[in-house]
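Data block below; observations after.
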Amino acid sequence: MHASHRLLCGLYVLTSAGLAWTAVLELLCGLVWAALLFTAASLVPVIAVVRETVLHDERRTVTALRAQAAARGRGEGAADDIVRSELYAACCERWWTSCGTDHDTSCPHRIPRSSAA
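Take the sequence shown: its letters are residues 5 to 121, numbered as in my numbering.
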């Protein structure tokens with residue numbers, strides 16, 4: 005974990021805690037709608053922490069793939085390996101073109117639809 009990742013996550017947690025504390029104070033001494041607003045706002049930094057963690061994991065995966073490609077003596081092929089692994093994890097062509105609403109009949113991720121109503 006990099007220092008910048010830790011710093012950002014720490015700032016997000018402090019911001020979330022401050023907003024939650026403001027929500028409690030507003031609920032005790034102020035308007036209810038303002039307390040609900042601060043409660044909702046305190047959840048946004050939590051989402052940011054999750055996002056930062058996902059981005060950190062992706063960066064670590066890319067670094068590992070580049071190290072594997074360099075170990076095999078194909079330093080230029082690191083991008084090819086990354087693209088190949090992403091395409092392998094991707095779904096079928098119809099899923100991509102239909103924005104995730106439909107699958108090809110041969111797709112392993114296809115969930116058959118029932119005609120029973």
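For each residue, glycine too, the CB sits at the ideal point set by N, CA and C.
Small disclaimer: the values here were computed from a predicted structure and weren't measured.
Self-check item: Euclidean distance between Cα positions of Y16 and S110
Solution: If you take the alpha carbons of Y16 and S110, they lie about 44 Å apart.
Quiz item: Closest by CA to G22, which one among A74, S89, S8, A39?
Solution: For the residues A74, S89, S8, A39, the minimum Cα distance to G22 belongs to A39.
Exercise. Could you have a look at D108 and say whether DSSP puts it in helix, strand or coil?
Key: Under the three-state reduction of DSSP, D108 is assigned to coil, being neither helix nor strand.
Quiz item: What three-state label does DSSP hand L59 in the structure shown?
Solution: In the structure shown, L59 sits in a helix (DSSP, three-state: H, G or I).
Quiz item: Grouping DSSP H, G and I as helix and E and B as strand, with all else coil, what is H6?
Solution: If DSSP states are grouped into helix, strand and coil, H6 belongs with coil.
Practice problem: Give the straight-line distance between the Cα atoms of A30 and F42, rounded to the nearest whole angstrom. | Solution: Note that residue 30 is Glu in the sequence shown, not Ala. Taking the CA atoms as reference points, E30 sits about 8 Å from F42.
Quiz item: L59 and I86: beta carbons closer than 8 Å?
Solution: No. Outside cutoff.
Practice problem: Assign A27 to buried or exposed, taking buried as 16 or more other Cβ atoms, counted over all protein chains shown, within 10 Å of its Cβ. | Solution: Burial call: buried.
Exercise. Within 10 angstroms of the Cβ of S20, are there 16 or more other Cβ atoms? Answer buried if so, exposed if not.
Key: Buried.
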